[in-house]
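For the sequence shown, full-length UniProt numbering begins at 1 and goes up steadily by one. Glycine is no exception: its CB is placed at the ideal position from the N, C-alpha and C atoms. Structure record follows, encoded as structure tokens.
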Amino acid sequence: MRSGSVDSMFRPDLLAKYGANGPRYTSYPTALQFRDDFAPADYLRAASDPGASSSELSLYFHIPFCNTACFYCGCNKIATNNRRRARPYLEQLKREMALQAALFDPARPVTQLHWGGGTPTFLSDDETAELMAATREHFALAPDADAEFSIEIDPRTVTPATLVHLRNIGFNRLSLGVQDFDPVVQQAINRVQPRAMTADLLSAARTTGFHSVSVDLIYGLPHQTVAVFARTLETIIELAPDRLSVFGYAHMPHLFKMQRQIDEATLPPPETRIALLGLAIDMLTSAGYVYIGMDHFARPSDELVRAQRNGTLQRNFQGYSTRADTDLVGFGVSSIGKVGDVYAQNAKDLPAYGAALDAGRLPIARGVRLTPDDRLRRDVITQLMCNLELPFSHVEAAHGIRFADHFSRELDALRPFERDGLLTIAGDRLTIHPAGRMVVRNIAMAFDAYLGQTQQQRYSRTV
1 MRSGSVDSMF RPDLLAKYGA NGPRYTSYPT ALQFRDDFAP ADYLRAASDP GASSSELSLY
61 FHIPFCNTAC FYCGCNKIAT NNRRRARPYL EQLKREMALQ AALFDPARPV TQLHWGGGTP
121 TFLSDDETAE LMAATREHFA LAPDADAEFS IEIDPRTVTP ATLVHLRNIG FNRLSLGVQD
181 FDPVVQQAIN RVQPRAMTAD LLSAARTTGF HSVSVDLIYG LPHQTVAVFA RTLETIIELA
241 PDRLSVFGYA HMPHLFKMQR QIDEATLPPP ETRIALLGLA IDMLTSAGYV YIGMDHFARP
301 SDELVRAQRN GTLQRNFQGY STRADTDLVG FGVSSIGKVG DVYAQNAKDL PAYGAALDAG
361 RLPIARGVRL TPDDRLRRDV ITQLMCNLEL PFSHVEAAHG IRFADHFSRE LDALRPFERD
421 GLLTIAGDRL TIHPAGRMVV RNIAMAFDAY LGQTQQQRYS RTV
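In structure tokens, the structure reads:
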């Protein structure tokens, strides 16, 4: 992996030129290409493939409940204070686990597990312990030293004692949602979260023995200015998490009703939004973090950094990973799984999800089976998104093509990027330069065969 100064990386003129709506490519094809007429039998065949019996598994659990709704959020969630809603959902998850576990070799080790939401700690301590115990009954969870078992935390809903409990039941990584520390910004997004609350949990996580703590920030939120976001970044640098994710806010009120609570007049204009991204890269890299892919930062000793350096970084529905080649089994409403060459998504609403389980079947509602062309393009896009470099010979050997001939139209579409110094196409490879990494989504879009069939307003801004 090449490195470059922030000055050479950050080109506001080119970011403005190439800014567009586009996928984040946590999968290819993206979820918008999943089909309602997908045959779950394809998923069942992929899960039962004896050729995959020696590979690792990754498990994702979606807990949709939140005490309150954050106005910026585009996740599948249910805002409620009724804790009794957790019990029937927990029972449904356990039934789904039994159905899924029957499809896989019980000896396949689970090396990655993630609980997301919603707010996973909407479940009580007893309920989280029950769900983790049920997981161990059905799947072979790897030893702590060999596994990444993570959970998303809303600092407003947990105490240091909760972290002790989560560590005791097997979690070894935390992801804390922060977004911004400024009180005005927090009020505008309906997420008031004092600095001390986050600081106390970070400190408790370290003393409790979590392997890694990640913090999520968002730029482009209402009332954010360069000065406001600089103060948030200064605070985060003082708190010194192991990893950070810095995402651009995707304002799509036509898709997410809660975002209509945000006054669009308070959103930063495009030039400020670009400046906020540049500020984050500048301050975090100056503080010693390594810039990973397009939106992650990690300490130099982090395994994500080693994976990027070695060209083995992967990408999945949780972002960047060192283990994304594992089969992913999704549990819960709206969750997505990837098994072999099949993506499958569960029903997005609780009644349909529960009805399927009541009928004794998996709650799969939509999905897609990858074609050979899908697999080829997925490999190309993954290489670009993760390693910022694409050796043509690797793709040619894996897929039996001549890259320059097969992708002549796509390479022609990237010539303007090359003329602007964002990438080089020469010899055996495509190399993304430091200034090009912030438009890597736009570069990857050249290889997406489905974009012409999809309304781009369904995607977030690439910068």
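Beta-bridge pairing by DSSP links P109 to A140.
In the DSSP assignment, D216 is bridged to G177, S245. L90 sits away from E137, with the two beta carbons spaced by 9 Å or more. Per the DSSP secondary-structure output, S286 pairs with nothing in a beta bridge.
By the CB criterion at 9 Å, G367 and A344 fall inside the cutoff. Sequence-distant Cβ neighbours of T235 in its own chain, meaning closer than 7 Å and more than five residues away, are F181, R195. For F65, the closest of S48, S124, V110 by C-alpha to C-alpha distance is S124. With fewer than 16 other beta carbons inside 10 angstroms of its own, Q187 counts as exposed. For Y353, the closest of R369, V342, V333, L370 by C-alpha to C-alpha distance is V333.
Following the DSSP letters along the chain, one finds V440 in no beta strand (DSSP E) but inside the alpha helix (DSSP H) bounded by residues 440-445.
With contact defined as three or more Cβ pairs closer than 8 Å, the segment 202-218 and the segment 257-271 are not in contact. Taking a cut-off of 8 Å for Cβ pairs, the segment 430-447 and the segment 406-421 touch, as three or more such pairs fall below it. In the displayed model, V192 falls within coil according to three-state DSSP, outside both helix and strand. A distance below 6 Å between beta-carbons, with the five flanking residues on each side excluded, links L284 to the following residues of its chain, in chain order: F297. When the Cα atoms are used, V158 and G118 turn out to be separated by approximately 14 Å.
Within its own chain, the residues whose Cβ lies closer than 6 Å to the Cβ of L113, once the five positions on either side in sequence are excluded, are L59, F149, listed in chain order. Every alpha helix (DSSP H) stretch that sits fully inside the segment 348-422 and reaches 4 residues is listed by chain position as 350-358, 372-387, 392-399, 403-406, 408-413, 415-419. The DSSP-derived three-state label of A46 is helix. Residues of the same chain with a CB within less than 6 Å of the CB of P372, apart from the 5 flanking positions on each side, do not exist. Between the alpha carbons of K257 and E264 lies a gap of roughly 14 Å. As DSSP reads the structure, Q314 sits in a beta bridge with S321. Look at E148 here: in three-state DSSP terms it is strand. For A230, the enclosing alpha helix (DSSP H) starts and ends at 226-239. DSSP, reduced to helix, strand and coil, places F38 outside both helices and strands of the structure shown, so it counts as coil.
Counting C-beta atoms within 10 angstroms of its own C-beta, T111 has 16 or more neighbours from the protein chains shown and is therefore classed as buried. Between the C-alpha atoms of A204 and R243 there is a straight-line separation of about 16 Å. For K17, the uninterrupted alpha helix (DSSP H) run begins and ends at 12-18, by DSSP. Taking C-beta atoms as the reference points, N346 and I364 count as a pair closer than 9 Å. In this structure F403 does not touch I443 by the C-beta definition: roughly 15 Å separates them, more than the 8 Å allowed. For H62, the closest C-alpha among the options V164, N76, A240 is that of N76. Bounds of any alpha helix (DSSP H) do not take in L328; it lies within the beta strand (DSSP E) bounded by 327-331. In the displayed model, I281 falls within a helix according to three-state DSSP.
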